[in-house]
Amino acid sequence: MVALSVVVPIYNVERYLDECLRSLRVQTWTDFEVVMVDDGSKDGSSDIAARFAEQDQRFRLIRQENGGLGAARNTGARHARGEFLTFVDSDDVIPSHAFGYHLSSLRRTGSDFSSGNVHLLNELRVWQSPMHREIFLTTRPGTHITRDDRLLVDRLATNKVWRKSFWDKQGMSFPVGVLYEDEAVVIPLHFLAGSVDVLSEPVYLWRQRPSDDRSITQDRFRPRALEDRFQAVTSVSDFIVRSQRPEDKRKWDQVALGQDLRAFVQVLDQADDDFLERFLDLAATYLETVDSRAHRGMPAIERLKWHLIGGRRGAQVQQVVAFSKGVQARQAKVVRHGLRFYGDYPFKDDPEMGIPRRVYRLDTELELRQKVEETTWRDGKLVVRGRVCLKFLRPNKRIQQHLSAWAVNGRTGKKVRIPVSVHQANEFRFASNVVTSRKDWGGYEITVDPRSLQTDNTWQDSEWYIELGVLNRGFRRTARLARPGESRVRRVGPAEVAPGVWVRPHWPDAHELRLSVDCGPVLLTGHELQGDEVVLIGELPEDAVEQPMGLRFRREPGDTEITVPVVAEGRTFRARVRLDELVAGYTERVGVTGAREHEDWRVELETPSGTKDVTSARRVEPARHDFAGLAVLVSTDFSQRLSLRVERQSAVITSVRWEGRELLLSGEYHGEDPAGLSFLLSAKERMDERIFPMRFEGSTFHIRFAPTAMPFFGQTLPLASGAYRFLLRRDDGSDQRDALMGMDAALLRSLPSTFDEDGPAASLEADSEGRPWLRVNGALRADEQGSYAQQLLREKNYPAFRKKPVAPGLLFDAYSGKQYSDSPRGICEELGRRGVETPMSWLVKDRQVRLPEGLGEVHVSSREYFEAFARSEYIVSNAHLPTWFDKRPGQKVVQTWHGSMLKRIGFDIEDVRFGNRDYHERLLRETHQWDYLISPSPWATPILRSAFRYEGEILETGYPRNDLFHAPDREAVKERVRQRLGLPAGKRVVLYAPTWRDNRFYSAGKYKLDLQLDLARMYEALGDDHVLLVRCHPNIVDRVPVVGEDFVYDVSAYPEVQELFLVTDVLVTDYSSLMFDFANTGRPMLFFTYDLEEYRDHLRGFYFDFEETAPGPLLRTSDEVIEAIRGADEVSERHKDRYEAFVEQFCPLDDGKAATRVVDRVFGHLL
């Protein structure tokens, strides 16, 4: 019998199926079958599945007519022949260790099924699923839903492996023809099981499809989804009632109302009347079965929603839902009445609504919040410092919060009281170094005397955790000491607390502090490489009476084991492990989406009575062995446990120093030919990459760069604030491969290494895996950083500045401080040419703008920023003003705007997909503060007035940014731009500048580069005599692909697009307003409009008939674009009449004098 049957239902997933099946094929547990059920796919999915079946006999394909996910799963289960059973959705990915991790646990415990952690997956990244975070914080074998309420939320079928005999005994099958099939099956099985293994490591990568490919269950406005969700929670409720479990029924109702159905509650404010009414109908039926006590365990804001839902107060529900999503909910006050605390939410104490005050009572919200900020050995005792409080109840006074702490033996449950003191510290939500934070009494210091960890005054092997108790204003909460703040907190090493007795602090799952007492440790004393084997040399305890049976290597998190013989001579032992066994299959596994960069093997000594970790009492130098193009690192972790790490060959930094403003890195690289290698500095939270050369001396490399002076199109700028990873990039033409760099363990003790003498402070640090990264601080002072500091500046400093007189001065802004460009630049430079003496300043965000000499720099969000908005006589901007800005008498606002009107703007956009929920309300308040609005043409003027509902003066002057096309020095500017970009002479320049798609995004604010152009085909056809510049919209986070040599240039960050137009011979765009500016060049424009109907009819809409008016051809395919570029001159001639009409209609004022007209009208009295 095969060990495991994997059922994969398939329906129209050709985009993802290959990735899914490959993740199954490279599992470290190989004894499995894959039962693929093609549920009537209409795309190429069946062909992909058939290919896998032909190539690997473990894969079987079954075809059937479409019956839905439940039916396909049931078919697969009937054909399953394994001892165990699991289900995988065909658009998801399984980590390579998952099956072995599940089955090793189940065979060890005998549980009926196992359930593992879930991470989310999209095209950009992999991250922890929020709904599964608390469930899987720790591994808990042999538990049960009646003892662990968290499992009521564990409703996925796909993160589990079931014992097939248990599945068959329960006669389970998935509902057919409905959504949310999992819930009605999984939760009952949780109750029916004898025991369940909960596994903390991720076993399932759950794909979050992009906006252009939403799955059915991601679309919450489908009536069917609403009906099926209520049916699913009702089915579980009915099962629990039949099982006569009233307490479990109340707990389930809390989960159903607070989580399952909440997904639909949270969109009610956007729902139409029919959807709202149907929801209220279904909710009324379900609420009839709900015990009123179930509402007590819910957060007050959710309790309020369900109270209103139960009363069918639809309009009020919508209002509360909108409130809960906005900043008002986060800023809502906590009100005390007697001994209770209440949320100050809508309709509280409103006599007309008559909602009982108890609905607003806070209880579960008052949760214990903690973080550990320092761990160290002091005078032989372990000292732990951190902060703790109850949410909403800051301990402003010493008397308001009392702490207690116990060391708890994890096996026996024995509790020992340990000393804990309190001290003043920063408010919990702020880092300890934020100088503007309010102080409270949330700081603590716990001191653990190792002698308290003895058992009956003797040392015994044991493991302890710390339990922290908080009593705050009558509310008592307890929790295990957990949540290390920074990686350095976890680096505290072990201590020998008595001869041969060690206490080892460690953090399982990087979450909870544990203290292991190790009596008579098995010590590593050395290691060496002999041929293709690593030889480990160790020492047994002095009182060892058992002979070792073997040395066991267990790959984390526990999916694979290798046991090798041990040769012992007295207390000394030796063991050999083959490198090929350690690295087997790694290359295939690491190539699958979501794979870890490395695999760690933990080493244990087997004896007749059990196993014991191999550790190191004294420093044993790590070693790196290269084998089969991979690296095997022999080292110890922070608690001195031995591990062997397998990873791709990369560079290891061994030396770090600052030389002036430059950071100098040196290290070793023993991989393949270093030709083509570069050092890559990559921002963690955004698309920002910087590449630097590496200088090699044999296997030693050297890197140098200045974080405060990075090359930027012929200039230098500091790195933007944030965190940057260190990677090694190998560039093989069109193929780029990146690998994380490592750091020598000896360097970790010297970190962080900081430079703060010039510009923003930069600090080299290491993460929890010992990987280097760079922290770059922003431009703000310490007392300007953080939400509380900004709140003070906004609510106290800004009003105070407004009481001072308005001062002569002009404040300029382009794109909220992101650029020195556009029409504000044109006006600013015109004023400079005409000798204005009034002080002029420019908004700069995060030091990312280089300003000309003599122009003042105002850092966004600084104290000077708030003062400038409060006191500047003139404000000139092409972007939205801050929402808190309140224009004073004596101030004038000039709004230049930043685009021309093809796509709808302002109030003409009915469905705002890209802004805040109250975008229109904010816009109306802002436009009432404008004194002047610049229009690019007579055609645009009525649109601007209507779209902004603007009643003030419109300056029909043309856009000052386009004066550059008529400037006398434009040829000199053109040559300077070519040099900055490094463009080769003699080649035509094509600029591709698409706009962003409102519906093509990964997550809020992170839009996709929907690159439909075939760059490889373009390079093949045009590479000899053309170069391609690609300029992405600032909202796009994808990297521009590298194709060919010196062909594709990413100019997305170039600050002034008008300057790019000067060097451009052919513009390729789509619906971007850049066309109106580029028309001033008279050069060819091509429009790559592959999604014209969707964009025009469903996204933004147009102000005119684009197909009839466009000054160039509308092209649908890459081949059409290539042919049009080849024949650009002929294309231009064919569209000459339309081009001239376009210029006449939209660009009649672009004569090089727009800035002059604006200055004469608005600033004439300053000259």
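Numbering (this note's numbering), first residue to last: 15 to 1181.
Where is the CB? At the ideal position from N, CA and C, for every residue including glycine.
Only a predicted model underlies this, so the values are computations on that prediction, with no experimental measurement involved.
Residues near residue i in its chain [Cβ-Cβ closer than 6 Å; skip 5 each side]
i, result
"Asp103", "Thr172"
"Leu1027", "Ser1132"
"Asp1064", "Val1044 and Val1054"
"Ala734", "Asp860 and Gln862"
"Val872", "Ser855, Leu857, Glu878, Tyr879 and Ala882"
"Arg848", "Leu1181"
"Ala1030", "Val1057"
Cutoff 7 Å; reference residue i; Cβ partners in own chain excluding five residues on either side
i, result
"Gln561", "Ala582"
"Pro896", "Phe883"
"Arg902", "Arg816 and Val820"
"Asp781", "Ser501 and Trp787"
"Val27", "Ser59, Ser104 and Asp105"
"Thr941", "Phe962, Arg963 and Tyr964"
Three-state secondary structure assigned by DSSP to residue i
i, result
"Glu844", "helix"
"Tyr829", "coil"
"Asp252", "helix"
"Arg718", "strand"
"Ala589", "strand"
"Val670", "strand"
"Asp103", "coil"
"Ser530", "strand"
"Thr574", "strand"
"Pro237", "helix"
"Arg816", "helix"
"Pro956", "helix"
"Val863", "coil"
"Ala1149", "The sequence given here has His at residue 1149, not Ala. Residue state, collapsed to three classes: coil."
"Lys626", "strand"
"Tyr888", "strand"
"Leu619", "strand"
"Arg412", "helix"
"Asp242", "helix"
"Arg745", "Residue 745 is actually Asp in this sequence, not Arg. The answer is strand: DSSP assigns Asp745 an E or B state."
Supposed contact pair residue j and residue i - C-beta distance, whole angstroms, cut 8 Å
i, j, result
"Gly728", "Gln993", "7 Å"
"Lys1001", "Val1041", "5 Å"
"Leu240", "Leu296", "7 Å"
"Leu213", "Ser119", "6 Å"
"Asp1195", "His894", "The first residue shown for the chain is 15 and the last is 1181, placing residue 1195 beyond what the model contains."
"Ala419", "Tyr359", "The pair is not a contact, with the Cβ atoms about 35 Å apart (cut-off 8 Å)."
Cβ-based burial, residue i [other Cβ within 10 Å; buried from 16]
i, result
"His1179", "exposed"
"Gln654", "buried"
"Thr160", "exposed"
"Glu809", "exposed"
"Trp944", "buried"
"Val71", "This sequence places Gln at residue 71; Val is not what is there. By the 10 Å Cβ count, Gln71 comes out exposed."
"Ser59", "buried"
"Phe11", "Absent from the model: residue 11. The displayed extent of the chain is 15 to 1181, so no value can be given."
"Ser623", "exposed"
"His541", "buried"
Beta-carbon proximity list for residue i, same chain, < 8 Å, skipping 5 on both sides
i, result
"Pro998", "Val1041 and Asp1060"
"Gly784", "Gly756, Met757, Ala759 and Leu762"
"Gly712", "none"
Residue i CB to nearest heavy atom of the ligand SAH below 6 Å
i, result
"Leu1100", "What this structure holds is no ligand at all, so the ligand SAH is not there to describe."
What beta strand (DSSP E) runs, 3 residues minimum, are completely inside the segment 24 to 56? Runs found: 46 to 53.
4 or more residues per run - each alpha helix (DSSP H) lying fully within the segment 306 to 374: Counting only runs of 4 or more, we get 314 to 324, 328 to 339 and 341 to 345.
Hey, which unbroken runs of the beta strand (DSSP E) at 3 residues or more fall wholly within the segment 961 to 1005? If only uninterrupted beta strand (DSSP E) runs of at least 3 residues are considered, those enclosed by the segment 961 to 1005 are 967 to 970.
Enumerate, from N- to C-terminal direction, the unbroken beta strand (DSSP E) stretches of 3 or more residues contained entirely within the segment 691 to 743. Runs found: 691 to 697, 703 to 707, 709 to 711, 714 to 719, 724 to 726 and 729 to 731.
Unbroken alpha helix (DSSP H) runs of length 4 or more, entirely within the segment 1092 to 1146: which are they? As far as the segment 1092 to 1146 is concerned, its whole alpha helix (DSSP H) runs of at least 4 residues are 1120 to 1123 and 1132 to 1140.
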